[in-house]
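Read in the working numbering, the sequence shown has 772 at position 448, and its numbers run on one by one without any break. We put the CB at the ideal spot given by N, CA and C, even for glycine. Structure, as structure tokens:
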Amino acid sequence: MSESLNPAQIQRPHSRLYKLLLAWAVLATFLSASAFYFAISGKLSEVPTSDIPKKRNVIFMVSDGMGPASVAMARNYFQYTQKDNLTNLFIDDYFIGNSRTRSNNSFVTDSAAGATAFSCGLKTYNGAIGVDPLGRPCASILEAAKLMGYHTGLVVTTRITDATPASFASHASFRSEEDFIAEQLINFEDAHPFGRTVDLIFGGGRCHFLPSSHPDSCRYDESDLISDAKSSGWKYIESNEEFKNLRLGKNVSLPLLGLFSPTDYPFTIDYHDTEFPRLNETALTAVRALSEATKDSENGFFILVEGSRIDHCGHNNDAGAQVHEVLAYNDAFEAMVKFANEETDVPTVVLSTSDHETGGLSLAKQISKAYPDYLWYPEVLNRAKHSIEYLSRALKAFDGSKKELNEFVDQDILGEKGLGFVDHTSEDIKDIAHHVLTSSNRLSVMQSLRAEVGWATHGHSGVDVNVYGSSNFPEILNPVVGANENIEI
């Protein structure tokens, strides 16, 4: 295992010299990639490529933070709501193996090292964005695809500058450098040595593209990346109405930048279709647009599609919100598989896995000293109307009297307008009303106890995660069937 460098020791110089070094480092890594290809050629030889046309499409999907227990919980929840104990999720029928998730410097990876393992095929330190353990930029599969003439895309439900998408199309010593990552995504002032590498972007994180003087900005400088993108040829949209005008890929011109939220999208349980496009819609629009753009080309497209906020539900220990995020991801996976099988003759692979599991979820929580019953209660999650994040923010924003606060907690937080509890007590109301600033943890404990689901952590865990795959040329999937290191995906 390579020696890991403390990320705090790595500094990014803002200079032309840095960009020159970046260019040379990425070029050198591409030469190294040739050696890597021959090293794994034995595994690749499992694919009988002679019968597969050269043109390919790759749809790589990441269910951020989704472990096996997350899938089981969503399936049980779906079975409960459908009143059918044998109903599968769509994704269940495409299970082909698992992935081991450790990073270079820990048995428990973060999203940055996990995504860099996927994008560059190497282990690196937690927090690294497209760089190796010594902080040197590594060539990503998206960059390689672009250099080969493929079209590329990124579709997420978090900030587009967040760790997973950033690791495919940028290079930074640490994931917090989101302003710099935004510059690379649109090639602001030639921030990327090979020019623009992404043709289509859908996600959140608009605040990192706005000048610091803008009320919605979270940048540290006055760079207006949206204006810069427009002036360099990008078409820009930011509303769901503008997105619907794309007619699910029938009315798209590239390059296209769609930033639909200042930061992350709200959780699925918290928003309506009129406010934000859903992941299955943005993903389908993107692959149709990229397919149309490459219809007369000898090369296809590469796209990353991430169900980003499954992870955030795990961090919040919010089972009620997580089942909706997993089901939304399941819908997106279904849309991608149907596209590959029904809408294109180009060999297309849909490969889905997680960067890690978040929360240490278990289905069955012992709530007494007595030997536990073997059960958990999805009906508790079904009664929730909002995420714990949403309710905690609403509680902190409340400015009424003490009596009004108690009524608000009773009805809008714990009751039918919030988590939907039917058994909360005056002590529960008092507890939340007296601990507004720490309400998130308290609400998650209350919900988890009632549903009898357990959480080991508010962080990540080190368990193996599932791999799912589908292709209109199924033999393409042979190398990833079974157990894999994340760098092999």
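Backbone CA spacing between residue i and residue j [nearest angstrom]
| i | j | result |
| --- | --- | --- |
| S356 | Y449 | Unreliable placement is indicated for S356, whose pLDDT of 47 sits below 50; no coordinate value is reported for it. |
| F492 | I510 | 13 Å |
| T485 | Y698 | 42 Å |
| F360 | R520 | The predicted position of F360 is uncertain, since its pLDDT is 39 and thus under 50; a value taken from the coordinates is nonetheless stated next. Rounded to the nearest angstrom, the two C-alpha atoms are 25 Å apart. |
| F657 | F663 | 10 Å |
| N790 | H532 | 32 Å |
| N641 | N765 | 8 Å |
| P601 | S692 | 43 Å |
| V522 | S686 | 38 Å |
| F362 | L614 | Because the pLDDT at F362 is just 40, under 50, the model does not fix this residue reliably, and the point stays unresolved. |
| S358 | T587 | At S358, the pLDDT of 45 sits below 50, so the modelled position is not reliable; the number obtained from the coordinates is stated separately. Distance between the alpha carbons of S358 and T587: 38 Å. |
| K367 | P803 | Caution is warranted here: a pLDDT of 48 is assigned to K367, below 50, making its placement in the model unreliable, and no coordinate value can be reported. |
| K720 | Q735 | 16 Å |
| E713 | S763 | 10 Å |
| S365 | C462 | Annotation note: pLDDT 42 at S365 (below 50); position unreliable, no value reported. |
| A694 | Y653 | 38 Å |
| H680 | E546 | 36 Å |
| F591 | R633 | 7 Å |
| T476 | R426 | 27 Å |
| F797 | I376 | 7 Å |
| E507 | K726 | 47 Å |
| L466 | A439 | 12 Å |
| E809 | R424 | 5 Å |
| A659 | L572 | 12 Å |
| V704 | Q690 | 16 Å |
| K574 | P702 | 39 Å |
| D620 | I593 | 41 Å |
| V777 | V647 | 12 Å |
| K741 | F732 | 10 Å |
| C542 | F504 | 12 Å |
| V805 | F414 | 19 Å |
| R717 | E566 | 28 Å |
| D417 | L675 | 13 Å |
| S394 | P696 | 21 Å |
| E622 | Y474 | 9 Å |
For residue i, the first and last residue of its enclosing beta strand (DSSP E)
| i | result |
| --- | --- |
| L630 | Note on residue identity: the sequence assigns Glu, not Leu, to residue 630. Unbroken beta strand (DSSP E) run through E630: 625-631. |
| I593 | No beta strand (DSSP E) contains I593, which DSSP labels as neither H nor E. |
| K559 | 559-561 |
| T476 | 475-483 |
| G644 | Careful: G644 lies outside any beta strand (DSSP E), inside the alpha helix (DSSP H) at 643-666. |
| A452 | Here A452 belongs to no beta strand (DSSP E), and DSSP marks it neither H nor E. |
| V673 | 672-677 |
Sub-8 Å separation of residue i and residue j beta-carbons
| i | j | result |
| --- | --- | --- |
| L729 | L767 | no |
| L583 | E616 | no |
| G744 | A780 | no |
| A398 | L773 | no |
| K447 | G624 | no |
| E630 | V455 | no |
| F442 | I813 | yes |
| W700 | A775 | yes |
| L581 | Y560 | yes |
| D788 | N422 | yes |
| N428 | P457 | yes |
| S585 | G638 | no |
| V661 | S494 | no |
| N569 | E599 | no |
| A688 | Q771 | no |
| L478 | L628 | yes |
| R530 | E502 | no |
| C444 | S430 | no |
Extent of the continuous alpha helix (DSSP H) to which residue i belongs
| i | result |
| --- | --- |
| F442 | 435-444 |
| N422 | Looking at the DSSP string, N422 is not in any alpha helix (DSSP H); the run it does join, the beta strand (DSSP E), is 419-424. |
| I550 | 549-555 |
| G638 | 634-639 |
| L761 | Premise fails: L761 is in no alpha helix (DSSP H) and is neither H nor E. |
| T606 | 603-617 |
| F384 | Careful: F384 lies outside any alpha helix (DSSP H), inside the beta strand (DSSP E) at 381-387. |
| L583 | Where L583 is concerned, there is no enclosing alpha helix (DSSP H), although the beta strand (DSSP E) it sits in stretches over 580-583. |
| V746 | That residue, V746, is in no alpha helix (DSSP H); it is neither H nor E in DSSP. |
| V704 | 702-706 |
Presumed contact (8 Å Cβ cut-off) between residue i and residue j, rounded CB distance
| i | j | result |
| --- | --- | --- |
| N822 | Y404 | This structure does not reach residue 822, given that the chain is present from 325 up to 813, and the question cannot be answered. |
| F402 | Y792 | Between Y792 and F402 the Cβ distance is about 16 Å, and since that is not below 8 Å, they are no contact. |
| M390 | S678 | 5 Å |
| L524 | A610 | 5 Å |
| H748 | L738 | 4 Å |
If we count Cβ pairs, one from each stretch, closer than 8 Å, do we get three or more for the segment 655-672 versus the segment 538-552?
Between the segment 655-672 and the segment 538-552 there are fewer than three inter-stretch CB-CB distances shorter than 8 Å, so the stretches are not counted as touching.
Three Cβ pairs or more, each shorter than 8 Å: is that satisfied between the segment 424-436 and the segment 782-796?
In short, these stretches touch, since the Cβ pair count reaches three.
Count the CB pairs spanning the segment 439-456 and the segment 483-501 that are closer than 8 Å, and state whether there are at least three.
Remark: three or more beta-carbon pairs, one from each stretch, lie closer than 8 Å, so the segment 439-456 and the segment 483-501 are flagged as touching.
Please determine if the segment 378-392 and the segment 748-755 are in contact, where contact requires at least 3 C-beta pairs separated by less than 8 Å.
Too few Cβ pairs lie closer than 8 Å, so no.
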